[in-house]
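Everything on this sheet refers to the single structure shown next.
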Amino acid sequence: MNAFSFLKLKTGTEQTMVIDKGQSPEFIDNYLRVCGKYITFIKFGWGTSAVQEREIVSEKIKSYKKYGIKTYPGGTLFEYCFSKGFFEEYLLECKNLGFECIEISDGSMDLNPKDKDYAIKMAKEYGFIVLSEVGKKSIEKDSEFEILERIELVKKDIESGADFVIIEGRESGKSIGLFDDKGNLKKEELEILAENVPVNKIIFEAPNKNQQVDFILRFGNGVNLGNISFEEVISLETLRKGLRGDTFLKS
Amino acid sequence: MNAFSFLKLKTGTEQTMVIDKGQSPEFIDNYLRVCGKYITFIKFGWGTSAVQEREIVSEKIKSYKKYGIKTYPGGTLFEYCFSKGFFEEYLLECKNLGFECIEISDGSMDLNPKDKDYAIKMAKEYGFIVLSEVGKKSIEKDSEFEILERIELVKKDIESGADFVIIEGRESGKSIGLFDDKGNLKKEELEILAENVPVNKIIFEAPNKNQQVDFILRFGNGVNLGNISFEEVISLETLRKGLRGDTFLKS
Amino acid sequence: MNAFSFLKLKTGTEQTMVIDKGQSPEFIDNYLRVCGKYITFIKFGWGTSAVQEREIVSEKIKSYKKYGIKTYPGGTLFEYCFSKGFFEEYLLECKNLGFECIEISDGSMDLNPKDKDYAIKMAKEYGFIVLSEVGKKSIEKDSEFEILERIELVKKDIESGADFVIIEGRESGKSIGLFDDKGNLKKEELEILAENVPVNKIIFEAPNKNQQVDFILRFGNGVNLGNISFEEVISLETLRKGLRGDTFLKS
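Here it is, written out as structure tokens:
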């Protein structure tokens with residue numbers, strides 16, 4: 001039971017995706033006691049899982065599982081392995097390590113639509129939950145997308161079988177995806193997106209507080225958010241529940 | 001005994017208020033071994049204590065007590081409960097959980113002066129140390145205050161019985177209270193404030209290093225500072241003692 | 001063995017210097033299990049070791065030693081002790097605590113060339129590995145250096161016997177050393193530096209990701225980098241190995 005239970009606050013059913021950047025298993029075990037119940041997905045950011053010991057990666061995945069949290073390596077690692085011709089080795093190693101999801105992205109490489117479709121389907125066949133991502137890591141390349149193109153890419157990934165589609169926001173949240181160079185949300189583009197795709201299938205990467213606030217005020221406290229840092233999980237939960245100045249009594 | 005004790009550095013009697021944003025009990029226990037002696041108050045930031053398990057909140061309060069640190073929930077939680085008609089439930093739950101202080105603020109809601117006076121006195125009657133806060137969470141609303149108005153509000157809270165008055169700085173330290181949009185201190189306003197209120201009754205929220213430096217260089221190493229993050233407690237102590245470039249040999 | 005070992009990623013022989021800002025011994029022990037193998041030097045930042053208990057400082061140094069990591073107190077503490085006439089006490093206390101290196105800097109004080117030469121030689125005589133630093137903590141003073149002056153200072157320190165020379169970047173990485181006020185690398189100055197000094201003797205302080213990326217893209221994954229925060233050690237290792245968008249497949 002939470003403290004101040006007379007407030008009868010309700011916990012939602014939204015998706016919250018948090019980044020593991022290489023924290024220690026003990027740090028995570030301890031932190032999960034506090035905030036594990038608010039996390040749906042953990043992403044081992046970009047290629048970080050490939051520079052950590054196998055035992056450590058497995059140990060952390062087991063800790064997450066105890067809280068019902070599903071894990072996957074960042075899409076960059078998929079891209080790295082795919083581009084080196086190791087896609088099947090990648091899927092097998094993910095299985096062996098205990099990951100339950102796969103992210104299929106093309107943020108750092110060019111992947112033709114057929115290959116992305118194939119990769120999503122292949123990962124589904126291996127029994128993974130599939131999160132795809134739309135967007136480029138490079139500011140220059142990402143800025144070439146019109147919002148209508150992004151929408152087409154989202155739709156295509158859903159058709160291919162992706163369970164969720166992530167809108168790129170990187171760890172910085174600036175000059176990327178739906179954010180301008182100051183990290184502010186491009187609200188007109190967001191509205192066009194929201195009219196054209198099922199928002200409950202989307203996970204918005206929103207590393208910064210003002211971004212989390214904007215999404216919550218627009219879509220309600222049940223909006224799916226990603227690239228949350230461990231340190232901000234409790235803060236995000238207070239934003240969702242109207243317990244911080246920015247969303248006070250508003251959700 | 002500290003390392004390099006031949007320097008005969010002295011620890012002051014100032015107040016240092018640190019934010020607990022939902023860290024784990026173990027993280028805190030371990031960190032306090034290093035920096036517990038430099039902390040006076042811990043604020044469970046805004047509404048974070050209401051999204052954590054009762055046992056965890058109590059456990060952390062006990063850890064803090066071992067170091068003589070006094071704890072309280074952020075003012076936003078008071079405001080939330082007060083506006084929902086749960087003020088007495090709030091005070092009782094704080095007692096039961098082991099909090100020793102209460103923050104009375106109106107950063108996110110409108111509270112007429114009579115109600116603020118009443119709330120401060122009520123919290124005192126329940127036996128709490130009372131910290132009041134002056135300032136608004138919203139940049140627009142906060143910017144409407146003239147410095148002379150802030151001074152009046154500070155004086156009124158002290159008359160009502162507040163043990164300390166906090167000058168709002170938020171977690172960001174920008175465009176709020178005494179800080180401009182770049183987080184720089186408005187030094188003229190600070191001087192007017194300092195002439196009109198007892199500075200030892202004030203806790204300046206100063207989350208960023210340049211702000212801590214400015215307050216220390218102006219008021220000496222004994223100035224009361226708040227909204228310090230756990231990671232910066234040791235850094236702040238070096239600033240207070242002239243052991244970092246910014247205040248080198250100056251305090 | 002790391003996860004995803006089929007990628008046969010190679011670990012380099014570069015120097016990575018990480019800042020200990022006063023974290024707890026337990027936090028560090030746990031973190032080192034994950035990233036200890038990627039760290040060469042730990043700097044107890046500026047004067048932080050002088051505000052921590054002797055036992056805690058010693059305990060952490062021992063933990064680091066288990067991973068072959070060499071430790072030293074920040075140069076600011078040397079400057080503080082030197083300017084107070086406690087240089088020998090300083091060297092002895094460092095020995096007793098278990099530090100294996102000394103940083104000789106003049107970032108916060110004026111130190112004439114003879115004194116810097118003397119200090120470097122003295123620290124060598126005491127059996128320490130010596131890291132010297134070139135640069136000023138103050139933005140105004142640091143900006144007075146022409147790049148050719150910096151080069152002369154680097155050369156002089158190497159002649160005096162410094163094992164490595166650190167180029168000042170502070171914890172912020174802005175308006176200092178080789179960085180402009182936005183934290184961008186001044187590439188022309190870097191080229192002049194690289195032509196005139198042995199780069200493998202230099203440790204570039206590069207606290208921000210874009211800076212780490214620029215150095216890796218210019219000098220390869222073996223470049224020596226410093227002022228890395230604990231939280232970013234794993235990230236840096238992925239940058240070095242081409243496993244993050246910014247250096248994808250490039251190193």
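Chains as they are written, first to last, in my numbering: chain A, 1 to 251; chain B, 1 to 251; chain C, 1 to 251.
The beta-carbon is built from N, C-alpha and C at its ideal position, and this holds for glycine as well.
Being a predicted model, the structure only gives us computed values, none of them experimental.
Item                                                                                                                       : Value
Buried versus exposed, by CB contacts within 10 Å (16 or more), Ala-194/C                                                  : exposed
Within the region 30–93 of chain A, ranges of the alpha helix (DSSP H) (whole runs, at least 4 residues)                   : 54–66, 75–83
Per-residue contacts from Ala-50/B into chain C (C-beta, under 7 Å)                                                        : In chain order: nothing, as chain C lies at least about 27 Å away.
Span of the alpha helix (DSSP H), counted from its first residue to its last, around Ile-176/C                             : That residue, Ile-176/C, is in no alpha helix (DSSP H); it is neither H nor E in DSSP.
Rounded distance between the beta-carbons of Gly-47/B and Thr-76/B, thought under 8 Å                                      : 5 Å
Residues of its chain near Glu-232/B, where Cβ-Cβ distance is below 6 Å and the 5 sequence neighbours each way are ignored : none
Spatial distance of Val-51/B from Asn-2/A (CA atoms)                                                                       : 6 Å
Proximity test, Cβ basis, 8 Å: Leu-225/B and chain C                                                                       : no
contact_flag[the region 187–202 of chain C, the region 152–159 of chain C] where n(CB pairs < 8 Å) is 3 or more            : yes
Which residues DSSP lists as bridging Asn-2/A, in chain order                                                              : Glu-53/B
Counterpart residues of Leu-153/A in DSSP-defined beta bridges                                                             : Answer by DSSP bridge pairing: none, since Leu-153/A is not bridged.
Beta-carbon gap between Asn-224/B and Glu-171/B smaller than 8 Å                                                           : no
Residues from the region 38–62 of chain C in contact with chain B, defined by Cβ distance under 7 Å                        : Trp-46, Gly-47, Thr-48, Ser-49, Ala-50, Val-51, Gln-52, Glu-53, Arg-54, Ile-56, Val-57
Close beta carbons around Asp-163/A, own chain, < 7 Å, minus the five adjacent residues each side                          : Ile-129, Val-130, Leu-131
Three or more C-beta pairs below 8 Å linking the region 231–248 of chain B and the region 23–35 of chain A                 : no
Residues bridged to Phe-204/B (per DSSP)                                                                                   : Ile-167/B, Leu-225/B
Cβ contact (3+ pairs, closer than 8 Å) linking the region 172–192 of chain C and the region 206–220 of chain C             : yes
Among Leu-249/A, Phe-248/A, Leu-217/A, Arg-240/A, the one whose alpha carbon lies nearest that of Thr-13/A                 : Arg-240/A
Assigned secondary structure, Leu-7/A (DSSP; H/G/I helix, E/B strand, else coil)                                           : helix
Pairwise C-alpha distance: Glu-133/C and Phe-87/C                                                                          : 17 Å
Through-space distance from Gly-245/B to Asp-106/C, alpha-carbon basis                                                     : 10 Å
Any chain B beta carbon closer than 8 Å to Ser-24/C                                                                        : yes
Buried versus exposed call for Asp-110/A [16 or more other C-beta atoms within 10 Å across all chains shown]               : exposed
Spatial distance of Arg-150/C from Ile-176/C (CA atoms)                                                                    : 12 Å
Within 9 Å of chain A by C-beta, residues of the region 64–80 of chain B in sequence order                                 : Pro-73, Gly-74, Thr-76, Leu-77, Glu-79, Tyr-80
Spatially closest choice to Ile-202/B from Gly-169/B, Ser-229/B, Asp-180/B, by CA coordinates                              : Gly-169/B
Helix, strand or coil at Met-109/A according to DSSP, with G and I counted as helix                                        : coil
Under the three-state DSSP convention, the category Val-130/B falls into                                                   : strand
Nearest residue (CA-CA) to Gly-34/B, options Pro-25/C, Ile-42/C, Leu-243/C                                                 : It is worth fixing the name first, because residue 34/B is Val in this sequence and not Gly. The shortest Cα separation from Val-34/B among Pro-25/C, Ile-42/C, Leu-243/C belongs to Pro-25/C.
Per DSSP, cross-strand counterpart(s) of Met-17/A                                                                          : Phe-41/A
Local conformation of Glu-103/B per DSSP, three classes                                                                    : strand
Alpha carbon of Leu-249/A to alpha carbon of Gly-45/B, nearest angstrom                                                    : 17 Å
Cβ-based burial, Thr-11/C [other Cβ within 10 Å; buried from 16]                                                           : exposed
C-alpha distance - Tyr-126/C paired with Val-154/B, whole-angstrom precision                                               : 56 Å
Proximity test, Cβ basis, 8 Å: Gly-36/A and chain B                                                                        : no
CB contact below 8 Å: Tyr-177/A versus chain C                                                                             : According to the sequence provided, residue 177/A is Gly. The question's Tyr does not apply to it. Closer than 8 Å: no.
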